[in-house]
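Chains as they are written, first to last, in our numbering: chain A, 1 to 299; chain B, 300 to 598; chain C, 599 to 897; chain D, 898 to 1196.
No residue lacks a Cβ here, since even glycine has one placed at the ideal position from N, Cα and C.
There are 4 protein chains.
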Amino acid sequence: MSALNLDGIIGYPVTPFTADGERVAVDRLAALVERLVADGCHAVAPLGSTGESAYLDEHEWCEAAETSIAAVAGRVPTVVGIAELTTRSAVRRAQFAERAGASAVMVLPLSYWRLDEREIVRHYTEVAGAVDIEVMIYNNPATAGVDLSPELMVSLVEKIENVTMVKESSGDLGRMHRLFQLTGGELPFYNGSNPLALAALMAGAAGWCTAAPCLIPGATLELHRAVRAGDFETAFKVFQQQLAVLQFIVRGGLPTTVKAGLALRGFDAGGPRRPLLPLDEERTAELSSLLAAVDAGRP
Amino acid sequence: MSALNLDGIIGYPVTPFTADGERVAVDRLAALVERLVADGCHAVAPLGSTGESAYLDEHEWCEAAETSIAAVAGRVPTVVGIAELTTRSAVRRAQFAERAGASAVMVLPLSYWRLDEREIVRHYTEVAGAVDIEVMIYNNPATAGVDLSPELMVSLVEKIENVTMVKESSGDLGRMHRLFQLTGGELPFYNGSNPLALAALMAGAAGWCTAAPCLIPGATLELHRAVRAGDFETAFKVFQQQLAVLQFIVRGGLPTTVKAGLALRGFDAGGPRRPLLPLDEERTAELSSLLAAVDAGRP
Amino acid sequence: MSALNLDGIIGYPVTPFTADGERVAVDRLAALVERLVADGCHAVAPLGSTGESAYLDEHEWCEAAETSIAAVAGRVPTVVGIAELTTRSAVRRAQFAERAGASAVMVLPLSYWRLDEREIVRHYTEVAGAVDIEVMIYNNPATAGVDLSPELMVSLVEKIENVTMVKESSGDLGRMHRLFQLTGGELPFYNGSNPLALAALMAGAAGWCTAAPCLIPGATLELHRAVRAGDFETAFKVFQQQLAVLQFIVRGGLPTTVKAGLALRGFDAGGPRRPLLPLDEERTAELSSLLAAVDAGRP
Amino acid sequence: MSALNLDGIIGYPVTPFTADGERVAVDRLAALVERLVADGCHAVAPLGSTGESAYLDEHEWCEAAETSIAAVAGRVPTVVGIAELTTRSAVRRAQFAERAGASAVMVLPLSYWRLDEREIVRHYTEVAGAVDIEVMIYNNPATAGVDLSPELMVSLVEKIENVTMVKESSGDLGRMHRLFQLTGGELPFYNGSNPLALAALMAGAAGWCTAAPCLIPGATLELHRAVRAGDFETAFKVFQQQLAVLQFIVRGGLPTTVKAGLALRGFDAGGPRRPLLPLDEERTAELSSLLAAVDAGRP
Chain A
1 MSALNLDGII
11 GYPVTPFTAD
21 GERVAVDRLA
31 ALVERLVADG
41 CHAVAPLGST
51 GESAYLDEHE
61 WCEAAETSIA
71 AVAGRVPTVV
81 GIAELTTRSA
91 VRRAQFAERA
101 GASAVMVLPL
111 SYWRLDEREI
121 VRHYTEVAGA
131 VDIEVMIYNN
141 PATAGVDLSP
151 ELMVSLVEKI
161 ENVTMVKESS
171 GDLGRMHRLF
181 QLTGGELPFY
191 NGSNPLALAA
201 LMAGAAGWCT
211 AAPCLIPGAT
221 LELHRAVRAG
231 DFETAFKVFQ
241 QQLAVLQFIV
251 RGGLPTTVKA
261 GLALRGFDAG
271 GPRRPLLPLD
281 EERTAELSSL
291 LAAVDAGRP
Chain B
300 MSALNLDGII
310 GYPVTPFTAD
320 GERVAVDRLA
330 ALVERLVADG
340 CHAVAPLGST
350 GESAYLDEHE
360 WCEAAETSIA
370 AVAGRVPTVV
380 GIAELTTRSA
390 VRRAQFAERA
400 GASAVMVLPL
410 SYWRLDEREI
420 VRHYTEVAGA
430 VDIEVMIYNN
440 PATAGVDLSP
450 ELMVSLVEKI
460 ENVTMVKESS
470 GDLGRMHRLF
480 QLTGGELPFY
490 NGSNPLALAA
500 LMAGAAGWCT
510 AAPCLIPGAT
520 LELHRAVRAG
530 DFETAFKVFQ
540 QQLAVLQFIV
550 RGGLPTTVKA
560 GLALRGFDAG
570 GPRRPLLPLD
580 EERTAELSSL
590 LAAVDAGRP
Chain C
599 MSALNLDGII
609 GYPVTPFTAD
619 GERVAVDRLA
629 ALVERLVADG
639 CHAVAPLGST
649 GESAYLDEHE
659 WCEAAETSIA
669 AVAGRVPTVV
679 GIAELTTRSA
689 VRRAQFAERA
699 GASAVMVLPL
709 SYWRLDEREI
719 VRHYTEVAGA
729 VDIEVMIYNN
739 PATAGVDLSP
749 ELMVSLVEKI
759 ENVTMVKESS
769 GDLGRMHRLF
779 QLTGGELPFY
789 NGSNPLALAA
799 LMAGAAGWCT
809 AAPCLIPGAT
819 LELHRAVRAG
829 DFETAFKVFQ
839 QQLAVLQFIV
849 RGGLPTTVKA
859 GLALRGFDAG
869 GPRRPLLPLD
879 EERTAELSSL
889 LAAVDAGRP
Chain D
898 MSALNLDGII
908 GYPVTPFTAD
918 GERVAVDRLA
928 ALVERLVADG
938 CHAVAPLGST
948 GESAYLDEHE
958 WCEAAETSIA
968 AVAGRVPTVV
978 GIAELTTRSA
988 VRRAQFAERA
998 GASAVMVLPL
1008 SYWRLDEREI
1018 VRHYTEVAGA
1028 VDIEVMIYNN
1038 PATAGVDLSP
1048 ELMVSLVEKI
1058 ENVTMVKESS
1068 GDLGRMHRLF
1078 QLTGGELPFY
1088 NGSNPLALAA
1098 LMAGAAGWCT
1108 AAPCLIPGAT
1118 LELHRAVRAG
1128 DFETAFKVFQ
1138 QQLAVLQFIV
1148 RGGLPTTVKA
1158 GLALRGFDAG
1168 GPRRPLLPLD
1178 EERTAELSSL
1188 LAAVDAGRP
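Structure below.
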């Protein structure tokens, strides 16, 4: 069981880089995290897929983790993302995050050579065993190349004491129904697929893991508030209003599009790390008009 | 055009680790490379998928590259594998390999966030632009999460001067026909899909990139010799004799199975790096009998 | 625009066969349709995927259509399913259905050779052009082998006057959000993926196309009623109660599992048509206990 | 074991339709079959995927079978294709083909509802049990929606006496290696993937099932002759010469492209049956120049 009781909007900052793309712009990262907290996010999750976790070297990763945790300053929980190919590298990062004061780590098992269940179980056992903080399983087959079934994730939660939460980003709502069903609603699961934001909350998700608050915090938080208040009409309306932005940022890759959107919002976060390239002009213009529509409350 | 004129069996060593799995066992790596050369491989390719390139930190990777190049000692070409998520990391490794004396680098563009063609072109442009040695494009969608079409690969070869070769590991023979067709047979391409070994050579592949010589060098080299000699009957026979081994090592993951096979051959290369786990007993026994069949010349 | 204003639960009967499997058991079909109407379905859709439409010869299909329409007797709309490989065969069935008094036809474009957009547009143009009744587009890539994007379906609705509705069975909730978004909520779309029943209704689906009322009509209708009444708490509870049954009948193939369930309910509908085989004993026992749980109101 | 000893080029005629598309143009079909035999095909296979078998009603199918068998007149074996959703319909066609004098039937198990192994085994058992002639298993997942593994196909051959041959059209050469391996080369298998023509023959295929002889009989037969003669150099050259045509007719759908090609060759076979549409002008021009290149012996 999770003692964190994470519930609500878990905001994912990008990791801003310096102009030459060579270093993490720690001041910009701190400022962005501050914004997410100030805007009302119920938790902050640096170094997720949005945060280009897998693209950072170990020093940068530690710097970004430390900076984010310090900027949150305990006002809300901080969940630090780990996306590593090797177990030892994931263990080191988890231990660093714990020492730096993270509330939990979110662990994505990257695959190069296909992992079997035995290997996945061992990976989570070693990483979780190396820390005392809680561990969130992260399933994101499209980026990680490995797909964790609801059954496997529930068995990990049952076997390993501090594995207590699941983030589901496969985009298949049925997986969330299945997680609820397998655990009688007892396992807190979080939705990581932006276009399923409303449906997932209605399906029992404890929260929504999203980079959208970097760009449209009001709409994102209002969706959650409305659902929790049982005001489905408003929830549906604000979901429709932001859906085009959610679809856009997912389709174009979160670091690429959210960094472009932050620039449109007047916040310089640099570009994504190569080989990722900045959003081109045409699509930046499209994003600009989609953000304007959300600001104007247009569907 | 490639000045290397690579032709034949390109042997892929695993990267042996120390007993605790924490360091590269450089002496074992040197010994294995020595064996591959002594057994007659026409080139050696350390740090490929077999060599767990993506699982090594930068220091280990450099150590393995240097060790392998030194062990080859110029007797045959050395092609060093690079499988990195970021362009800058791939550039650094390519430059190190060049300084260390590599004949060429083989570059696999790993993906976390999906790469578009613009990003792939930029990645190869920057990596190839950073060195003077030749660059082999490596297409392996199953491990890398990105699939390079024959058309895209040919356009990279046309655009970037020192991109001169292609390694195709998608498992689709039609892709090799297409590479031949698009370039009138002028582009040297290499087959990385072991079960297609014979068909690829018959389809015009300049060579076969394979870890099989770690275990069955005689059979592997004989297949190539027979094809080049136009002795198709022998080629077919020796292909059938080794096919079960090729299927086995591919199905179980190359580092996992080849390290198990090396232990069966009396060569200690340690286990694969976690989360990869050593081959279990049952499958090790199966591999043992498959190797015995090849040794006995049984189909 | 649809003049039918279909809203709610669209019940899908199986097509019962005689004991030898050779003929449609028209009296059983009439009895089953009568039950669906009596139980409160808002419409009835014979000859859907559940009704083994594609497995019937033309004479049988016409008999089943006629029987169903007569049994409904105008009390609710009747939507007749057409799943044909050739346009001319689909046209003949649509014309027969119209003459027999169908309210609408639901058209699934089966593919053997892959269809391009031009061919799909032509198919719908010819079938819809041959009748005056409304046409529902049916997207079910898993059974039909062709996947219609939301954009294509909306363009068909815009181009062809009596194409007025869409049934989405891809299992991807995002497609329904997209249909809503592309048409400002004006296009009536119906969910054909049972495990998405609740989410789809919350996402604006005008109805739920389902064979579940053959087995658990009370739970199915109560779900729809609760959603329409804005009683989300009840909707969620009754959805959870029936979810295991919905998952089961989808996983095992609807004709196979629903016919087994009907037998458990005391209604003889025979087996599915070969090569489909009746549900085996073990899974029939599993279905029996799942149905008992729904009857008892257990989650 | 097969007593037919089919070896070589098995030519697949399209099924010509009358100008209105409503009937089989039996005289044209007879003329096309005559051409295939006269041009040297080692067997003829009417009513394959190329022959739009699945798009014909039962009367048309029987007419086409009878016409083809009569036109072959016993000069070479005739293998008649059956692609039906229901077992009973497949049984009736197999029995008709036997009575009409077919040498064998080739059976493709179409799927609408997914078939499990039990159902596939039953289908072949019933169809083969209804006739005394030999049955060829046909695996073509792209058109049929069901994929038969080499292991399953070999088990069917072992279980059912008159199931004696396999046609593999998955496009995966490894499947053919596997068929050879599982049966020690004893099971005659035939390649149905045109771009694998050369590789399959080198891999032990007993023959090549292809519509290409409708358009380029000389090149097709020469490829087979050269392989059988052990003249690999010629085989490779003539394969390269015809590869672009093979890729083109596969990519555009065989009935569509081969009918367009026959028109270019001066043979009127009508268009494919709707929803399939005739090849558009631009691609017809492309095909024309590809055929001209083959005629000129250009690569």
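- Taking a beta-carbon distance threshold of 9 Å, glutamine 840 of chain C does not count as an interface residue toward chain A.
- Taking a beta-carbon distance threshold of 9 Å, serine 647 of chain C counts as an interface residue toward chain D.
- In this structure the segment 587-598 of chain B does not lie against the segment 354-374 of chain B, because fewer than three pairs of beta carbons, one per stretch, are closer than 8 Å.
- Exposed is the label assigned to glycine 565 of chain B, since fewer than 16 other Cβ atoms lie within 10 Å of its Cβ.
- Under the 9 Å criterion on CB atoms, tyrosine 736 of chain C is classed as non-interfacial with respect to chain D.
- Taken through DSSP and simplified to helix, strand or coil, phenylalanine 1145 of chain D comes out as helix.
- DSSP places phenylalanine 180 of chain A in the uninterrupted alpha helix (DSSP H) bounded by 173-182.
- Chain B places no beta carbon closer than 9 Å to that of tyrosine 190 of chain A, leaving this residue out of the contacts.
- Here leucine 481 of chain B has Pro449, Glu450, Val453 as same chain residues with Cβ atoms under 8 Å from its own Cβ, once five neighbours each way along the sequence are excluded.
- Excluding its 5 nearest sequence neighbours in each direction, glutamine 992 of chain D has C-beta neighbours in its own chain below 8 Å: Ala1027, Val1028, listed in chain order.
- In the three-state DSSP reduction, cysteine 340 of chain B falls in the coil class, being neither helix nor strand.
- For isoleucine 1057 of chain D, no beta strand (DSSP E) encloses it, and the DSSP letter there is neither H nor E.
- A distance of 9 Å or more separates the beta carbons of arginine 989 of chain D and valine 977 of chain D.
- According to DSSP, glutamate 1083 of chain D shares a beta bridge with no other residue.
- By the neighbour-count criterion, in which a residue is buried when 16 or more other Cβ atoms sit within 10 angstroms of its Cβ, glycine 971 of chain D is exposed.
- From the beta-carbon of threonine 143 of chain A, the residues of chain B found nearer than 9 Å are Ser410, Tyr411, Trp412, Arg413, Gly444.
- Scanning chain A for C-beta atoms nearer than 7 Å to the C-beta of phenylalanine 846 of chain C yields nothing, as the closest lies near 12 Å away.
- The beta-carbon distance between valine 1135 of chain D and glutamate 1119 of chain D, rounded to whole angstroms, is 5 Å. This is short enough to meet the 8 Å contact definition.
- Valine 744 of chain C places its beta carbon 9 Å or farther from that of arginine 720 of chain C.
- Chain-order list of chain B residues neighbouring threonine 86 of chain A: Tyr354, Arg572, Arg573, Pro574, by C-beta distance under 8 Å.
- Between the segment 1120-1130 of chain D and the segment 1092-1110 of chain D there are three or more inter-stretch CB-CB distances shorter than 8 Å, so the stretches are counted as touching.
- Against chain B, the beta carbon of phenylalanine 1164 of chain D has no neighbour under 8 Å; the closest one sits roughly 28 Å away.
- Judged by beta-carbon spacing, isoleucine 907 of chain D lies beyond the 9 Å limit of tyrosine 1035 of chain D, meaning their Cβ atoms are not closer than that value.
- Approximately 7 Å separates the beta-carbon atoms of leucine 563 of chain B and leucine 586 of chain B; this is inside 8 Å, confirming the contact.
- Counting other Cβ atoms within 10 Å of its Cβ, serine 289 of chain A stays below 16 and is therefore classed as exposed.
- Valine 313 of chain B places its beta carbon 9 Å or farther from that of leucine 578 of chain B.
- For isoleucine 10 of chain A, no alpha helix (DSSP H) segment is defined; the enclosing uninterrupted segment is the beta strand (DSSP E) at 8-11.
- Given a length threshold of 4 residues, each whole run of the alpha helix (DSSP H) inside the segment 180-243 of chain A is given here in chain order: 197-202, 217-228.
- With respect to chain C, the C-beta atom of leucine 196 of chain A has a partner C-beta closer than 9 Å.
- Per the DSSP secondary-structure output, lysine 765 of chain C pairs in a beta bridge with C:Tyr736, C:Tyr788.
- Of all residues in the segment 503-536 of chain B, those with a C-beta nearer than 7 Å to a C-beta of chain D are Gly529, Phe531, reading in chain order.
- For the pair glutamine 1137 of chain D and glycine 473 of chain B, the CB atoms are not nearer than the 9 Å cut-off.
- Listed along chain A are Leu173, Ala199, Met202, Ala203, each with a C-beta nearer than 8 Å to that of alanine 797 of chain C.
- Interface with chain B (9 Å Cβ-Cβ cutoff): histidine 177 of chain A is excluded.
- When the alpha-carbon of asparagine 1059 of chain D is set against those of D:Phe1077, D:Asp1013, D:Ala1001, the nearest one is in D:Ala1001.
- The alpha helix (DSSP H) runs of length 4 or more contained entirely in the segment 314-398 of chain B are, from start to end of the chain, 325-337, 357-371.
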